[in-house]
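Protein chains: 2
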Amino acid sequence: MTGPIREPLNFAGNCDRSPSIRDVARAAGVSYQTVSRVINEHPNVSDTTRAAVLATIAQLGFRPNRAARALAGGPAQAVTVLGSNTTLYGFAAALEGIEEATREVGFGMGFRAVEARSPADIPDVVERAIEPAGTLIVIAFDKPGALALECVPLEVPTVAMIQAPTEGAEPTRPSVWIDEFAAAKEATEYLLALGHPTVHHLPIPSWPRTTRRMEGWRAALAEAGVRMHEPLQGGWTSTWGYEAGAVLARDPNVTAVLCGNDDIALGAIAAMRDAGKRVPADVSIVGFDDIPYAQFFAPPLTTVRQDFKALGRAAFAKLLEISNSPRTLPPAAAPQARLIMRHSVAPAPQVAPSASEASGSEARSPPPGR
Amino acid sequence: MTGPIREPLNFAGNCDRSPSIRDVARAAGVSYQTVSRVINEHPNVSDTTRAAVLATIAQLGFRPNRAARALAGGPAQAVTVLGSNTTLYGFAAALEGIEEATREVGFGMGFRAVEARSPADIPDVVERAIEPAGTLIVIAFDKPGALALECVPLEVPTVAMIQAPTEGAEPTRPSVWIDEFAAAKEATEYLLALGHPTVHHLPIPSWPRTTRRMEGWRAALAEAGVRMHEPLQGGWTSTWGYEAGAVLARDPNVTAVLCGNDDIALGAIAAMRDAGKRVPADVSIVGFDDIPYAQFFAPPLTTVRQDFKALGRAAFAKLLEISNSPRTLPPAAAPQARLIMRHSVAPAPQVAPSASEASGSEARSPPPGR
DNA sequence: TAGGGTGTTGTGACCGGTCCCATCCGAGAA
DNA sequence: TTCTCGGATGGGACCGGTCACAACACCCTA
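Protein sequences, first through last, are from chains G and Y. Just so we're aligned, residue 247 is where the first sequence starts under my numbering, counting upward by one. Just so we're aligned, residue 247 is where the second sequence starts under my numbering, counting upward by one.
What follows is the structure, encoded as structure tokens:
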């Protein structure tokens, strides 16, 4: 009935497979359970034994097998990031921050795309992305990401990276964000102080409601008692920025534009140029994000820098927290947004700004060298 | 001696764990081995049994547990991508292509960064990235990636994405690349045909030796019998492009520059502008890669488009091949490089190009609408 | 009718960890 | 001295798949 019993190959030194805890145990003269306790930093192991086991682990080059751990129901040790994109700067930088943080604590990082082109497939993709003992970070800046987030069952340890929520609208799941309200307000006030009668806004898509950067813009205009145009629906790309910018370029009253991101700003600048308007002499443009290219735009872009990498790190830190993992990440400051002044902003044309304002702005925005 | 035997909870319908092959087997009235054969598309299963099992799988929503498969020594079902970067366009686009391909065949995709800042850590990072039953794609466009590639033991199924190898220098491991020799040559010839006495080159780093795009440039100049300057060491970023461009801007003989990538081109354009030179009236600039921003540069950038996404897909297809996985990807055409003509190129200044050349170039490069 | 191949199915062991439980031992309290 | 208790350690079962092997048809040939 029973076939020939194969001799297990687990005697140390004579095996091409990587060593297991049983190999370590044998070499250290303890049981495999003790080895397990040592690698999981269980308190009830004597110092002598622990030291001996650790030495053997180092000597044999033992590394715990992730698959076996996951199978046996150990603590989570991998994250899958769900997002609609890897080429947009914010997404890529967030990914980089997450990766770095996971590497520090020995987690694996996976990525799965939820495609904007096929929203109907998203629930299925999300379901496949969820694995037993797995965790998730969902980049929910945009609609596909938010859709994906909704598909994730509550029992899956998940952190969402989201647009900053509006006042009183608490996110339903553990989330991280950068609140750019203050920076958007500051940027708008900066433009108003330079004599621009109003500031137009080319937003990123407002989803599900409005963005904090738009609220900051609104607040600045409201405080200044300045009329406000109703912003368009919004977009993400330079192409959209070009089209929207072309519309604004036809309006001679437009002298200052706050763009929802740097991609839009780049498109808007191109549209202005093609319409024969000079930036910043005729129209001032401010971007959002500070992508690495921004300082080489023509003109170098004044923009609000956002630390997406730090945001990614924060997301993973929160994930460790909520999945009560034994590992932790050193606490870090909340990622900030702040205005970077370059050369795409100038005093309003025609209406000569007062000397104090002009010199003040000069003093306030010493263009940094590249 | 033996404690109380816990009744296994694996009876279908009464269990909060996701169903296992044993649950499926019980529900379908077959053995678990038969279920295993069905999900692995083993030929020796009768059609009747197969249909019954598949129906049960669908009904129970069974999905094979990846960790268990990996542990039991099944075929590979995940790739880890090793690369120095996620924010550079070429890297991010390649990642996107790999992800899409893995998703199609049910593979997982991980990412691990090998940081340029700390080359000494690379061997360690690579070692940790290798898992039993795991596979690797190494993005070895740059030095950290190439370093990482060298650390990978030969027995690990690995595909490298590399700079196209020079003639006769066969890569030692399975590799994919885009051969941009012809496109670089074409771009250079295009500039020469517009009357530029020579074409300068701002290369990406040549590592380990020279790049195919540089060889294409050299070949065009050699064929035209034109003098050639010795190119600089090379860099990746706009910052480097700005610095190198500033040097070229001082030389009045420089009227045409072929840049190793679009980032460099953007920096070079900025440097020319800051030096008071007009692009393309005084200096023509050609880039490489065609990043999404390129068409919105000032002026819109003439560049060589490379299909990194297709390259990523090809890398994964080759990985499936060499790891003799049961899954395959539909064959696709080799990713190409081709010249995209926009507005950063003009006939050489001063030396008036002949009418036929000028009109020819106009006819050849109808600037695409944005 | 016996013998041999082929196709189909089932059983046992195993991958490398983790959990639960049992055992052993020494110290302090009754 | 005996009992209790907690720290240190070990053994067995198990996670959900895969592999190797055995068993049982069934058909074809000799």
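Positions of the beta carbon are idealized from the N, C-alpha and C atoms, including for glycine.
- For H447 of chain Y, the beta-bridge partners assigned by DSSP are Y:L504.
- With respect to the 8 Å criterion, A527 of chain G and P595 of chain G are classified as neighbours on the basis of their beta carbons.
- By the Cβ criterion, the region 295-308 of chain Y is not in contact with the region 307-324 of chain G, since fewer than three pairs of Cβ atoms, one from each stretch, lie closer than 8 Å.
- The criterion of a C-beta distance shorter than 8 Å is satisfied by V327 of chain Y and G356 of chain Y.
- Here I408 of chain Y is bridged, per DSSP, to Y:A386.
- The alpha-carbon of A392 of chain Y is positioned some 17 Å away from that of R374 of chain Y.
- For L341 of chain G, the enclosing alpha helix (DSSP H) starts and ends at Y335 to E350.
- Following the DSSP letters along the chain, one finds T549 of chain Y inside the beta strand (DSSP E) bounded by residues T548 to Q552.
- By the rule that beta-carbons nearer than 8 Å mark a contact, S484 of chain G touches chain Y.
- Look at F542 of chain Y here: in three-state DSSP terms it is helix.
- Along the region 430-450 of chain Y, there is no position whose C-beta sits under 7 Å from a C-beta of chain G.
- Inter-residue distance for P581 of chain G and A340 of chain G is about 11 Å (C-alpha atoms, whole angstroms).
- T548 of chain Y and I515 of chain Y have their alpha carbons spaced roughly 12 Å apart.
- Contact check for L512 of chain G and G471 of chain G: beta-carbon distance about 32 Å, past the 8 Å limit, so the pair fails to qualify.
- With respect to chain Y, the C-beta atom of N286 of chain G has no partner C-beta closer than 8 Å.
- Counted as a single uninterrupted DSSP element, the stretch harbouring A359 of chain Y is not any alpha helix (DSSP H) but the beta strand (DSSP E) occupying residues G354 to A359.
- The region 481-499 of chain Y and the region 406-416 of chain Y do not touch, with fewer than three beta-carbon pairs separated by less than 8 Å.
- For a Cβ distance threshold of 9 Å, nothing in chain Y lies close to Y278 of chain G: the least Cβ distance comes to about 16 Å.
- For V525 of chain Y, no beta strand (DSSP E) segment is defined, and its DSSP state is neither H nor E.
- Assigned with DSSP and collapsed to three states, L328 of chain G falls in strand.
- Contact check between the region 466-484 of chain G and the region 428-435 of chain G: three or more CB pairs, one atom from each, fall below 8 Å, which counts as touching.
- Annotation for H447 of chain Y: W463, P477 and L504 place their beta carbon closer than 6 Å to its own, counting only its chain and skipping 5 residues before and after.
- Excluding its 5 nearest sequence neighbours in each direction, T332 of chain Y has C-beta neighbours in its own chain below 6 Å: A338, listed in chain order.
- Within its own chain, the residues whose Cβ lies closer than 8 Å to the Cβ of F427 of chain Y, once the five positions on either side in sequence are excluded, are A410, R458, R459, E461, G462 and A465, listed in chain order.
- Sorting Y:A430, Y:P451 and Y:R455 by C-alpha distance to the C-alpha of V445 of chain Y places Y:A430 at the top.
- In the structure shown, A560 of chain Y falls within a helical segment according to DSSP collapsed to helix, strand and coil.
- Looking at the DSSP output, A583 of chain G sits in a beta bridge with G:Q552.
- Here DSSP, grouped into helix, strand and coil, assigns S421 of chain Y to strand.
- For R349 of chain G, at least one C-beta of chain Y is nearer than 8 Å to its own C-beta.
- The beta carbons of P449 of chain Y and N311 of chain G sit no closer together than 8 Å.
- For P538 of chain Y, the nearest CB of chain G lies under 8 Å from its own CB, placing it at the interface with that chain.
- Contact between H589 of chain Y and P538 of chain Y does not hold, since the beta-carbon distance rounds to 17 Å and is not under 8 Å.
- In the three-state reduction of the DSSP assignment, F308 of chain Y falls in the coil class.
- Beyond the five residues adjoining it in sequence on each side, I376 of chain G comes within less than 6 Å, by CB distance, of V402 in the same chain, given in chain order.
- Between P572 of chain Y and E396 of chain Y, the CB-CB gap reaches or exceeds 8 Å.
- Using beta-carbon distances, F357 of chain G counts as an interface residue toward chain Y, with a partner under 8 Å.
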